[in-house]
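Residue numbers (this note's numbering): 17 to 892.
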Amino acid sequence: MVVRLAEQSKLLSAAVQALEGVTTVVILEGEPGAGVSWLVRDLLRTVPDFTVVRGAAVLTVLVGPVDEPTIALIDDSDELTPEAADRAAGLIGALHNVPLLVIVAGHTGQSSLIDRLRVASSRDGRGRVIRLPGFTALQCIELAAEHGIIQLDPARANLLTELTDGNPHHLVTVFERLGGRLHASIPRDLPVPDGYADHLAAQLTALDAPTRALLELLSVMGRPLAVSTLMEIAARLSLTVSVDGVLASGLVEMLDEEGQRELGFTSERARTGIRRGIDASRARALNAAIARSMSGWAQLEHRLAATEHTDDELAADLEAEGDRNAATGRYPSAARIYSRASGVSSASADRERRLLRAGAYAFFADDAELAGTLAESVARCSPGPARTIVLGGLGYLLGNFPETLALVQEGLAQGAPADARQPTRDEVLFVAGVVASIRLATLDIVGTIAASAAALAAAPCEPAAVSPADARLRLAWGFALWISGDRDQAMVVLNPLIGLPLNRPERADALVIVGQHQFYGGLDRAALHTFDLAIESARASQALHVLPLGLALRAQVHYSLGQWDSAMLDAQAVLAHTTASRNGNHDGIAHGVIAMLAAQAGQLDEAQRAVRVGARLAVERPLPQHHVGAAVAAAVVERAGGHPHAVIQALAPLLGGSLDTATTATGYTGWRAMQAEALITLGSLDQAQAVIDRLVQESGSRAFGYPDWLRGLLAEARGQRMIAARHFAVAVSTGDETVTPFAHALALRALAGSLVARGHVDDGAAAAREADRLFGRLGAAAYLPVAAATAAALPALAGWPTLTPRERDTVLLASGGQLNREIASSMHVSVKTVEKHLANALAKLGLRSRRELAGRAAPESATAPEVDGPAVVVVS
């Protein structure tokens with residue numbers, strides 16, 4: 017049930033007043049019937065003592081004596097004639113001290129009963145008006161689920177609330193008539209509730225002709241328009257219009273845009289309703305007149321709307337506009353414009369040529385939703401190599417990699433017709449780009465490199481500028497070279513793209529590849545700078561397919577650098593971008609980052625949920641980065657939970673096959689530290705030694721653990737305490753907490769334990785405090801010193817689930833013996849904030865003091881350390 021808390025509270029208050037014997041009138045302002053079923057059903061569950069009457073029985077109740085608590089439910093437009101409404105209003109006004117609650121649902125301005133009761137019932141305080149505001153996108157999603165449309169996309173919910181003004185009655189009509197089709201697309205002309213068109217028609221009939229004429233003109237325009245322009249268009253059509261009339265109607269408002277007075281509709285559904293009621297021939301005439309007062313794309317849009325069948329001159333103008341968009345890197349717009357040009361072309365050859373060009377630009381745009389829209393139309397084109405290749409590009413975007421590759425190879429094997437002209441350079445490179453992209457997606461790295469190099473070498477003439485087809489091929493080729501380990505040649509291939517202007521989306525694509533090359537090679541700070549440039553370029557070029565990938569990868573870099581707040585912001589930005597653009601190709605990486613952050617904070621349930629989502633998305637969009645990100649995130653979560661067997665299982669996809677080859681070649685091998693640590697814990701020491709040796713030879717990130725820290729753990733497991741201590745000391749002295757703070761904290765923690773075990777308690781305590789400081793700064797509650805000891809202690813307290821994340825972190829640090837100023841330094845807050853968090857937490861946990869907290873968190877027993885050698889000096 018959709019919740020309307022404020023409205024439910026008001027209705028319950030009115031019911032209580034009626035139960036006390038005071039006749040109460042509640043007016044639900046909204047579309048007739050809107051909200052009645054939800055609100056009344058909820059009210060009766062809360063206050064079941066009422067008898068409900070509705071329809072014709074309402075007048076009988078109002079006339080006769082009312083002895084028992086009664087609800088008279090009136091849907092004004094559906095159940096009362098104007099005469100009955102007048103009579104009902106009089107009867108209600110005469111009732112005073114009877115247990116009667118009258119609920120009237122209707123639309124202000126269209127209901128005589130509501131208009132009369134608003135005045136009559138407000139005089140003595142026994143009446144109230146409950147306005148039903150339009151549903152939000154979240155309420156729209158909940159309402160859709162009630163009607164069998166599960167997990168409606170937030171972006172589509174936003175569009176639905178915009179087109180229906182959030183009216184629940186209208187939304188229910190849309191859900192019942194369109195059903196699951198709403199998951200695919202939202203039509204601009206939505207079905208309307210029964211009776212709405214009649215209500216709107218009646219409202220328009222009551223207006224004078226000049227007012228109706230201006231409303232029709234505005235509805236066809238589709239957006240606010242300057243009053244002077246409206247007057248110009250009206251004069252061209254010899255229309256008499258009334259600005260005062262449309263403003264008085266309440267359907268239109270005056271807007272002031274930088275001093276320019278404009279008229280616009282107050283309701284999108286009213287505009288759509290008026291537009292739908294206009295005869296088709298008259299709508300075309302209005303659009304033609306509007307087009308003559310417009311320029312650029314606005315003129316082309318209205319010329320399209322004014323075209324009944326085909327118009328070759330318009331098609332040519334649209335094609336020129338598409339070329340202008342493509343030249344500036346706006347490939348999605350170019351694809352849509354070419355598709356429209358195809359629709360008004362009279363010759364079948366021109367229609368197909370323009371439609372295939374639209375498909376090519378959709379491929380350049382990397383726009384899966386656009387590909388899905390065009391694929392069916394392209395499939396209906398005449399068979400031939402051109403259609404096959406374009407379908408291949410669209411199939412790649414839709415994720416059908418093996419099937420698409422087979423289709424393309426079969427088409428190319430057939431060859432071109434004998435009388436076919438020699439293909440241009442761009443046509444050759446487009447074919448090669450499609451094939452290379454599909455091969456790369458299927459992890460055929462060698463095939464991608466060979467085909468790309470051959471195609472670029474064989475393409476006729478070298479152009480002065482990098483074309484979209486050239487750029488697309490270079491992106492696949494450069495990425496494949498990087499994955500294969502030939503990083504220098506990858507940069508040679510990608511450099512022409514990095515030099516492109518900001519408005520070319522391929523520049524952002526190339527920068528993302530370079531950033532990955534730096535990040536996976538352990539150059540985290542350089543990668544962060546490159547991803548900043550890539551995101552800036554993606555925004556400048558409106559490359560919506562690159563922006564979320566850049567943000568997702570930058571989130572991984574922030575995580576590696578210990579900048580976890582920034583990592584979370586970037587991950588959330590990726591998901592927000594999906595909500596706005598419906599392009600969720602890289603959500604899996606974002607969910608992986610969120611999972612790692614949640615695990616480090618000790619929120620393992622939330623982390624496991626994020627891992628499951630990321631793994632599912634990696635299957636739906638099977639790209640190498642997604643599979644690797646999902647595996648590493650799962651391993652981090654299992655590591656934080658203390659499950660070494662599960663760590664090995666999570667990393668299994670990376671321990672052989674094409675992903676192992678790809679991660680090794682690209683340098684993204686830092687995750688092997690988790691593998692080695694898990695093997696040591698499980699006692700597989702020889703295997704752990706082999707993994708450590710391999711890790712030492714690789715130049716990947718050390719964010720998951722230093723090699724010398726792992727050597728120390730291995731030595732400890734073999735009983736070699738002095739050797740372990742030396743390795744831990746080397747790990748701390750050679751590591752850099754500003755670049756790899758988490759790994760540095762792990763090394764400090766291990767060193768602290770080694771020192772204490774050997775009797776050097778003070779030195780061990782100092783190292784432990786440094787580790788705690790780093791873990792606390794990061795927010796790694798799962799690794800704080802009391803995390804293991806309190807696993808069954810503090811969380812078992814009754815109030816633990818009610819603590820906020822900040823209160824939990826404060827309690828964990830305080831229970832470990834840190835002073836308030838030390839906690840404040842670790843958490844980057846003031847001492848007063850720490851005092852506030854601690855006081856709130858102690859109250860929730862039912863504890864009276866820090867001493868009692870420390871007692872509840874302390875382990876049951878401790879073993880005296882054994883002194884067996886000198887302390888190991890930590891070189892800072």
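Every residue gets a Cβ at the ideal spot worked out from N, C-alpha and C, and that includes glycine.
Closer than 8 angstroms to chain B by CB, residue i
i	result
glutamine 834	Protein chain content of the structure displayed is limited to a single chain, and chain B is not contained in it.
Beta-carbon spacing of residue i, residue j below 8 angstroms
i	j	result
valine 114	threonine 39	yes
histidine 593	leucine 565	no
arginine 370	glutamate 335	yes
leucine 410	alanine 429	no
leucine 78	leucine 107	yes
leucine 116	alanine 31	no
valine 590	alanine 559	no
alanine 747	alanine 763	yes
leucine 893	leucine 246	Because the chain here runs from 17 to 892, residue 893 falls outside it and cannot be looked at.
glycine 645	leucine 620	no
Residue from the options with nearest C-alpha to residue i
i	options	result
leucine 13	Ala304, Ala681 and Ile290	Any answer about residue 13 is impossible in this case: the structure gives the chain only from 17 up to 892.
isoleucine 290	Ala264, Leu330, Tyr212 and Ser355	Tyr212
glycine 780	Asp205, Gly769 and Arg789	Gly769
arginine 239	Thr189, Ala859, Met690 and His318	His318
arginine 61	Gly345, Val451 and Gln24	Gln24
proline 517	Ala363, Ala589, Ala470 and Arg346	Arg346
isoleucine 353	Ala365, Ala363 and Arg340	Arg340
serine 749	Arg734, Gly735, Trp725 and Leu730	Trp725
histidine 545	Glu693, Gly618, Ala473 and Gly531	Gly531
serine 700	Tyr722, Ala229, Glu385 and Ala733	Ala733
aspartate 460	Ala678, Arg765 and Gly871	Ala678
glycine 686	Gly716, Leu539 and Gln703	Gly716
leucine 730	Glu753, Gln691 and Leu577	Gln691
leucine 159	Glu178, Val188 and Leu175	Val188
Euclidean distance between Cα positions of residue i and residue j
i	j	result
histidine 186	phenylalanine 151	11 angstroms
valine 847	aspartate 825	14 angstroms
alanine 343	valine 712	48 angstroms
valine 193	glutamate 392	Before going on, a small fix: residue 193 reads as arginine here, not valine. Approximately 24 angstroms, taken between the alpha carbons.
valine 611	valine 629	Valine is not the amino acid found at residue 611; the sequence shown has alanine there. Each residue's Cα considered, the two are about 10 angstroms apart.
glutamate 329	arginine 367	13 angstroms
alanine 448	leucine 767	55 angstroms
arginine 655	glutamine 155	38 angstroms
glycine 672	valine 663	16 angstroms
alanine 457	alanine 496	10 angstroms
leucine 489	aspartate 383	17 angstroms
leucine 549	leucine 510	15 angstroms
tyrosine 377	valine 528	21 angstroms
asparagine 856	leucine 800	20 angstroms
aspartate 65	leucine 271	50 angstroms
glutamate 443	serine 553	27 angstroms
aspartate 486	alanine 475	10 angstroms
alanine 759	alanine 381	40 angstroms
phenylalanine 191	alanine 286	19 angstroms
alanine 741	alanine 171	56 angstroms
leucine 234	glutamate 337	26 angstroms
leucine 445	serine 453	12 angstroms
alanine 897	glycine 515	Shown here, the chain extends from 17 to 892; a query on residue 897 therefore has no answer.
alanine 332	leucine 372	15 angstroms
glycine 792	leucine 667	27 angstroms
Proximity test, residue i beta-carbon vs the ligand ATP heavy atom, cut-off 7 angstroms
i	result
serine 770	The ligand ATP is absent from the structure shown, which contains no ligands of any kind.
Cβ-based burial, residue i [other Cβ within 10 Å; buried from 16]
i	result
isoleucine 166	exposed
histidine 743	buried
glycine 37	exposed
aspartate 210	exposed
proline 81	exposed
Problem set entry | Every unbroken beta strand (DSSP E) within the segment 474-539, with a cutoff of 3 residues, ordered by chain | As for any beta strand (DSSP E) of minimum length 3 sitting wholly inside the segment 474-539, there is none.
Exercise. Quick one: complete alpha helix (DSSP H) runs, 4+ long, within the segment 252-300?
Worked result: 259-265 and 284-292
Problem set entry | alpha helix (DSSP H) runs contained entirely in the segment 369-399, provided each spans 4 or more residues | With a minimum length of 4 residues, the continuous alpha helix (DSSP H) runs that stay inside the segment 369-399 are 384-395.
Exercise. Fully enclosed by the segment 659-703, which alpha helix (DSSP H) runs are 4 residues long or longer?
Worked result: 660-667, 673-682 and 688-698
Exercise. Which parts of the segment 323-370 are runs of the alpha helix (DSSP H), unbroken and 4 residues or longer, counting only runs that do not cross its ends?
Worked result: 328-343 and 347-359
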